[in-house]
Amino acid sequence: MLYGNPSAFDSVHTLIDHRSVVNAPGIQLCMYETFERCEQVPFRTDELMFCAMVEGKKVMHHQSLQQARDFTPGQSFVIAADEQVHIDFPLATLARPTRCLTLEVDAERIANVAEQMSLSAQCSYHEQQPATLQLTHSTTTEAIYQRLAGAFTENKSDRALLIELATTELIVRLLREQDHHALLRCALHDPQATALHQVLSHIEQHIAAPLDVDTLARLACMSRSKFFSEFRRHLGMSPHAYILKRRLEHAGLMLERSKAVTETCFACGFNSISHFSRSFKQYYGQAPSAYIAQNNKSEK
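Residue 278 in UniProt numbering is what sits at position 278 of the sequence shown, and the numbering runs on without skipping anything.
Structural data, given as structure tokens:
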């Protein structure tokens, strides 16, 4: 379904991602048109962005997707703030351009609407926050996108207000109709947190190996000082404290499975039995041998 023809109003300066823009407070509404076939076109957003397909077809690539995704009219996708995707335009021509409506929204606006609806993202830091999300339109959301696109064909003094109202209604409808937990996590997506997720995954996969903070900082693409600051902000402790905590938690699980103390010590990255025993007692309140005995007793 066509939402109007912005290229009739704005002179075309480029054949790839030609953009027509309408602004409202905290919102930027754009119509993108591409007039030739092309692949791997980079696209980046500073704020959370809703992208509704209008005409043609896009194929989106992002590291969060296991394989490329096709998008056609009646579908939309959400891109978290500070994320970059790459897009193919397999059907675009001068006669039939590929069109996409985008709505860039401050995450705070979505959080405020969710609060009024008594909704929560209900996610912990360890739960991956999606950087992209695919949505399917209902009849209602499709009508809202049409109203938003109509802003390109009118230039009334209350246009910004109408865009704000339609945007708020769209957010309410999407939170009600879609998986609102995933949508809110995408809205609250923190690029620094995403980088740290890679670090946490690396720690879990290499719990038995020496873990160097400088290596972890490089993995997060941060300076050492920035890494320490962001790690403490998100995890509430230093990288060293977190690594020790996870090693001890792994050790507790191994001892509950009746693994030997020495085997557990080295399998969890400790270099000496004495250091392991001392740290274990400080964390669990009892020595490893006592922990095993208590666990065996409780199973009888």
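Every residue gets a Cβ at the ideal spot worked out from N, C-alpha and C, and that includes glycine.
These numbers were taken from a predicted model, which means no experiment stands behind them.
Practice problem: In the DSSP assignment, find the beta strand (DSSP E) that holds A68 and state where it starts and stops. | Solution: For the purposes of this step, residue 68 is identified with residue 68 of the sequence shown, where counting begins at 1. Where A68 is concerned, there is no enclosing beta strand (DSSP E), given that its DSSP letter is neither H nor E.
Exercise. Run through the stretch 74-127 for me and flag every whole beta strand (DSSP E) of 3 or more residues, listed as ranges in chain order.
Key: 75-79, 83-89 and 98-105
Quiz item: So what's Q286 in DSSP terms, helix, strand or just coil?
Solution: In the sequence shown, counting from the first residue as 1, residue 286 sits at position 286. In the structure shown, Q286 sits in coil (DSSP, three-state: anything other than H, G, I, E or B).
Exercise. Would you give the residue range spanned by the beta strand (DSSP E) that F43 belongs to?
Key: As a position in the sequence shown, residue 43 is number 43, starting the count at 1. C38 to T45 is the extent of the beta strand (DSSP E) around F43.
Exercise. Reducing DSSP to helix, strand and coil, say where H234 ends up.
Key: Residue numbering aside, residue 234 sits at position 234 when the sequence shown is read from its first letter. In this structure, H234 counts as helix in the three-state DSSP scheme.
Practice problem: Return yes when at least one heavy atom of the ligand MG lies under 6 Å from the C-beta of T102, else no. | Solution: By its list of ligands, the structure shown contains no ligand whatsoever, and the ligand MG lies outside what it can speak to.
Quiz prompt | Limits of the alpha helix (DSSP H) - the one that F266 falls within | solution = Your numbering for residue 266 matches position 266 in the sequence shown. Per DSSP, F266 belongs to the alpha helix (DSSP H) from V261 to A267.
Quiz item: Skipping 5 residues on each side, what residues in its chain have a beta carbon closer than 6 Å to that of D158?
Solution: Counting from one through the sequence shown, the residue named residue 158 turns up at place 158. There are no such residues.
Self-check item: Distance, I144 Cα to Q40 Cα
Solution: Within the sequence shown, residue 40 is the residue found at index 40, counting from 1. Within the sequence shown, residue 144 is the residue found at index 144, counting from 1. Cα to Cα, the separation comes out at about 30 Å.
Exercise. Classify A80 as buried or exposed, calling it buried when 16 or more other Cβ atoms lie within 10 Å of its own Cβ.
Key: On the sequence shown, position 80 is the one that residue 80 refers to. Buried, since its Cβ has 16 or more Cβ neighbours within 10 Å.
Quiz item: Do the stretch 44-58 and the stretch 77-97 meet, that is, are 3 or more Cβ pairs less than 8 Å apart?
Solution: yes
Quiz prompt | Collapsed DSSP secondary structure at residue 301 in the structure displayed | solution = The chain is shown from 1 up to 300; residue 301 falls before or after that span and cannot be answered.
Self-check item: Sheet register partners of residue 302 (DSSP bridge)
Solution: Nothing about residue 302 can be reported from this structure: the residues present for the chain run from 1 to 300 only.
Quiz item: CB-CB under 6 Å to L103, same chain, minus the five flanking residues each way: which ones, in chain order?
Solution: Mapped onto the sequence shown, residue 103 falls at position 103. Contacts found: L29 and F50.
Quiz item: What three-state label does DSSP hand I144 in the structure shown?
Solution: Counting from 1 along the sequence shown, the entry for residue 144 is found at position 144. Note: I144 maps to helix in three-state DSSP.
Quiz item: Would you say A92 and E154 are within 7 Å of each other, going by their C-beta atoms?
Solution: The sequence position of residue 92 within the sequence shown is 92, counting from 1. The sequence position of residue 154 within the sequence shown is 154, counting from 1. Not closer than 7 Å, so no.
Self-check item: Reduced DSSP secondary structure (H/G/I, E/B, other) of H61
Solution: In the sequence shown, the residue the question calls residue 61 occupies position 61. In the structure shown, H61 sits in a strand (DSSP, three-state: E or B).
Practice problem: Check A195 in the structure and name its three-state DSSP category. | Solution: As a position in the sequence shown, residue 195 is number 195, starting the count at 1. In this structure, A195 counts as helix in the three-state DSSP scheme.
Quiz prompt | Residue range of the unbroken beta strand (DSSP E) whose run includes R19 | solution = In the sequence shown, residue 19 corresponds to position 19, counting from 1. Where R19 is concerned, the enclosing beta strand (DSSP E) stretches over H18 to A24.
Self-check item: For A52: DSSP bridge partner residues
Solution: Working through the sequence shown from its first residue, we reach residue 52 at position 52. A52 is bridged to S76 and L101.
Quiz item: Going by C-alpha distance, which of L196, V59, A149 and F227 is nearest D88?
Solution: Taking the sequence shown and counting its residues from 1, one reaches residue 88 at position 88. Considering only alpha carbons, the answer is V59.
Quiz prompt | DSSP-derived helix/strand/coil call for P6 | solution = Counted from its first residue, the sequence shown places residue 6 at position 6. Here P6 scores only 46 on pLDDT, less than 50, and its place in the model should not be relied on; the value that follows carries that caveat. Helix at P6.
Quiz prompt | Option in M254, Q294, K245 and I292 with minimal Cα separation from Q282 | solution = For the purposes of this step, residue 282 is taken as residue 282 along the sequence shown, with counting starting at 1. Residue K245 is the option with its Cα nearest to Q282.
Quiz item: Is it a yes or a no for the stretch 237-253 touching the stretch 206-214, going by three-plus beta-carbon pairs under 8 Å?
Solution: yes
Self-check item: Residue of C265, K259 and L200 minimising C-alpha distance to A241
Solution: Walking along the sequence shown from the start, residue 241 turns up at place 241. When only C-alpha atoms are compared, the closest one is L200.
Practice problem: Please classify S76: is it buried, with 16 or more other beta-carbons within 10 angstroms of its beta-carbon, or exposed? | Solution: Your numbering for residue 76 matches position 76 in the sequence shown. Flag for S76 reads buried.
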